[in-house]
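S.K.: Supplied in structure tokens, the structure appears directly below.
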Amino acid sequence: AQRVTQPEKLLSVFKGAPVELKCNYSYSGSPELFWYVQYSRQRLQLLLRHISRESIKGFTADLNKGETSFHLKKPFAQEEDSAMYYCALRKTGANNLFFGTGTRLTVIP
Amino acid sequence: ETGVTQTPRHLVMGMTNKKSLKCEQHLGHNAMYWYKQSAKKPLELMFVYNFKEQTENNSVPSRFSPECPNSSHLFLHLHTLQPEDSALYLCASSQSNGELFFGEGSRLTVL
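Line by line, the protein sequences are chains B and Y.
When you line the first sequence up against the working numbering, it's residues 1 to 109, in that order.
When you line the second sequence up against the working numbering, it's residues 110 to 220, in that order.
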């Protein structure tokens, strides 16, 4: 069975500091990995997906199949990055996503 | 209105009531989903519809009954719920294998 683990429920960093939100997964096939973000009073929305291999709002994430990880990174955190971040996995051939429990990031001014 | 719209945004019901949650998408997507978001738990997939056909029922109790009359509308009919069913219910839509677009959710409280 598939599983997505986000070990940190809360993460606080100072503005301008690097940030890394951890995500590990277990799945026997070839998954597609995503990061979704929920800003205060907004709906859950896609931040990035591993197949796009692009940087969104300064965030990047690399799929490491050896370590089964998909950590989200940003070199210099901004106050507007404060939000709830969810890692998600899609199984091969499926439509739906399986989500982790989320990490609440707070960027301290 | 564009995007995914859910109504009502808030619902309080007794355990013997019958109510429904509604979801509408104006994105031309073919897949629609119900997720349950409870405190301290991951988003739990409940149901998936693809081209109006239910393709997944994630062992959801029968007191939750989905209905998908067309690709743009999805309902969740609620009957004899329990207090532990209180949660935020999120609807989403997507094209096959595409990005999921979420609604703002319907917050349900069962007394």
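The C-beta atom is built at its ideal place from N, Cα and C for all residues, glycine as well.
Predicted model, so just to flag it, every value in this text is computed and none were measured.
Pairs of beta-carbons, one from the region 152-168 of chain Y and one from the region 121-137 of chain Y, closer than 8 angstroms: are there three or more?
M.R.: Judged by Cβ distances under 8 angstroms, the region 152-168 of chain Y makes no contact with the region 121-137 of chain Y, as fewer than three pairs qualify.
S.K.: Would a check of beta-carbon distances place Val157(Y) closer than 7 angstroms to chain B?
M.R.: Yes, contact with chain B.
S.K.: Tell me whether the beta-carbon of Thr101(B) lies closer than 7 angstroms to the beta-carbon of Pro178(Y).
M.R.: Not closer than 7 angstroms, so no.
S.K.: Does the region 47-58 of chain B touch the region 127-145 of chain Y, meaning 3 or more C-beta pairs lie closer than 8 angstroms?
M.R.: They do not touch, by the three-pair rule.
S.K.: Inspect the beta-carbon positions of Lys214(Y) and Leu190(Y) and report whether they are closer than 7 angstroms.
M.R.: One point to set straight first is that residue 214(Y) is Gly, not Lys, in the sequence displayed. Not in contact: Gly214(Y) and Leu190(Y) (Cβ atoms no closer than 7 angstroms).
S.K.: Establish whether the CB of Leu44(B) and some CB of chain Y are separated by less than 7 angstroms.
M.R.: Interface residue, yes.
S.K.: Keeping to the same chain, check which residues put their C-beta closer than 8 angstroms to that of Leu11(B); ignore five residues upstream and five downstream.
M.R.: Once the five neighbours on either side are set aside, the close Cβ partners of Leu11(B) are Val19, Leu21, Thr103, Arg104, Leu105, Thr106.
S.K.: For Arg172(Y), which option in Lys128(Y), Thr116(Y), Gly112(Y) has the closest C-alpha, if you only look at C-alpha atoms?
M.R.: Comparing Cα positions, the closest option is Lys128(Y).
S.K.: Spell out a yes or no on whether the region 2-17 of chain B and the region 40-56 of chain B are touching, meaning 3 or more CB-CB pairs, one atom from each, closer than 8 angstroms.
M.R.: No, the region 2-17 of chain B does not touch the region 40-56 of chain B.
S.K.: At 8 angstroms on the CB atoms, spell out the chain Y contacts of Phe14(B), in chain order.
M.R.: In chain order: nothing, as chain Y lies at least about 27 angstroms away.
S.K.: Rounded to whole angstroms, what is the Cα-Cα separation between Thr116(Y) and Tyr25(B)?
M.R.: If you take the alpha carbons of Thr116(Y) and Tyr25(B), they lie about 33 angstroms apart.
S.K.: Should His186(Y) and Ser202(Y) be called a contact, given that it needs their Cβ atoms to be closer than 7 angstroms?
M.R.: No, the Cβ-Cβ distance between His186(Y) and Ser202(Y) is not below 7 angstroms.
S.K.: Please classify Glu193(Y): does DSSP put it in a helix, a strand, or coil?
M.R.: Helix at Glu193(Y).
S.K.: Given this structure, state the Cα-to-Cα distance separating Leu46(B) from Ser82(B), to the nearest angstrom.
M.R.: Cα to Cα, Leu46(B) sits roughly 15 angstroms from Ser82(B).
S.K.: Check distances from the C-beta atoms of the region 96-109 of chain B to those of chain Y and list, in chain order, the residues that come in under 8 angstroms.
M.R.: Under the 8 angstroms Cβ criterion, the region 96-109 of chain B contributes Asn96, Leu97, Phe98, Phe99, Gly100, Thr101, Gly102.
S.K.: Consult DSSP for Glu208(Y) and reduce its assignment to one of helix, strand or coil.
M.R.: Glu208(Y) falls in the coil class under three-state DSSP.
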